[in-house]
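Here the numbering used here is used: the first residue of the sequence shown is 2, the next is one more, and so on.
Don't be surprised by glycine CBs; every beta carbon is placed ideally from N, CA and C.
Notes to accompany the following structure.
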Amino acid sequence: MRTGESRDSVRCLDLIALDPQAGVGGDDSLDRQGPRAHFALDMIRLPPARAETTEAFLMQSGPELAALCTECGACFNACPMVDYIDLRGADPNIVTGGLRRLASGEAAPDQTVAWVGACTKSGQCVDACPQKAAGLDAMLLIRIAKQRAINDTRQLRAKQDPSYFPRIKTFARLQLSDEELETWL
């Protein structure tokens, strides 16, 4: 037993390790051993897959999320990347309307494609979205739109450099000093 663990929590986790189905109904339920047993059991269960394949997920979730979007432009206005790609003067309603079209697999305006392509997943769009309470995850909608722009409408190019990540790993392993980094970069 480790420091800070109670005998009950160790026994609960040992029982779950021996029989992952323990505690699922019946008289032998681990719920009788307290809330920790129930919590530990919930922690080892995986949620069911949303779809069989990534493509099926994109086909199903894209239109569902797009239907929740009202094209208000709040996500676009909150996005920090808008300034870096010179889209601050663009009409947020047109850009987010294109977002809905991309998520549904249709072509979108160039401004929308540039915006989804520049997404850094800051998450500011999620907090800004007034439809969040209705179940709209704005960042997921943008990520789906980006994938559809790459795969379906071919408006965004996929990165095709197979040596890109190995080169980054190699460069990181060098552990260069600040002076050396200035020379190399």
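Does the Cβ of residue i have 16 or more other Cβ atoms within 10 Å, making it buried, or fewer, making it exposed?
{"i": "T113", "result": "buried"}
{"i": "G63", "result": "buried"}
{"i": "K160", "result": "exposed"}
{"i": "R46", "result": "exposed"}
{"i": "I143", "result": "buried"}
{"i": "R174", "result": "exposed"}
{"i": "D32", "result": "Low per-residue confidence applies at D32: pLDDT is 46, beneath 50, and the placement is therefore not dependable, though the value from the model is reported in the following sentence. It is exposed - the Cβ of D32 has fewer than 16 other Cβ atoms within 10 Å."}
{"i": "G124", "result": "exposed"}
{"i": "K51", "result": "In the sequence on display, residue 51 carries Arg and not Lys. Exposed, since its Cβ has fewer than 16 Cβ neighbours within 10 Å."}
{"i": "R101", "result": "buried"}
{"i": "F172", "result": "exposed"}
{"i": "A77", "result": "According to the sequence displayed, residue 77 carries Phe and not Ala. Per the 10 Å Cβ criterion, buried."}
{"i": "G99", "result": "buried"}
{"i": "L137", "result": "buried"}
{"i": "G27", "result": "Here the model assigns G27 a pLDDT of 46, short of 50, so the residue's position is not dependable, and the following value carries that caveat. Exposed."}
To the nearest whole angstrom, what separates the beta carbons of residue i and residue j, a pair I think is in contact under 8 Å?
{"i": "L141", "j": "L66", "result": "6 Å"}
{"i": "A119", "j": "M82", "result": "4 Å"}
{"i": "A79", "j": "C126", "result": "6 Å"}
Have a look at the options and flag the residue whose alpha-carbon is nearest the alpha-carbon of residue i.
{"i": "L103", "options": "E183, N152 and P163", "result": "N152"}
{"i": "E107", "options": "L59, D128 and E53", "result": "L59"}
{"i": "P1", "options": "R155, R168, T121 and S178", "result": "Nothing about residue 1 can be read from this structure; the chain reaches only from 2 to 186."}
{"i": "S105", "options": "Q61, D128 and T121", "result": "Q61"}
Cβ contact (3+ pairs, closer than 8 Å) linking the stretch 67–76 and the stretch 88–107: yes
Quick one: which unbroken alpha helix (DSSP H) runs of 4-plus residues sit fully inside the stretch 98–131? Chain order, please. 111–118 and 125–129
Touching by the beta-carbon criterion (3+ pairs, under 8 Å), the stretch 126–133 and the stretch 81–91: no
Is the number of C-beta pairs between the stretch 147–155 and the stretch 113–125 that are closer than 8 Å three or more? yes
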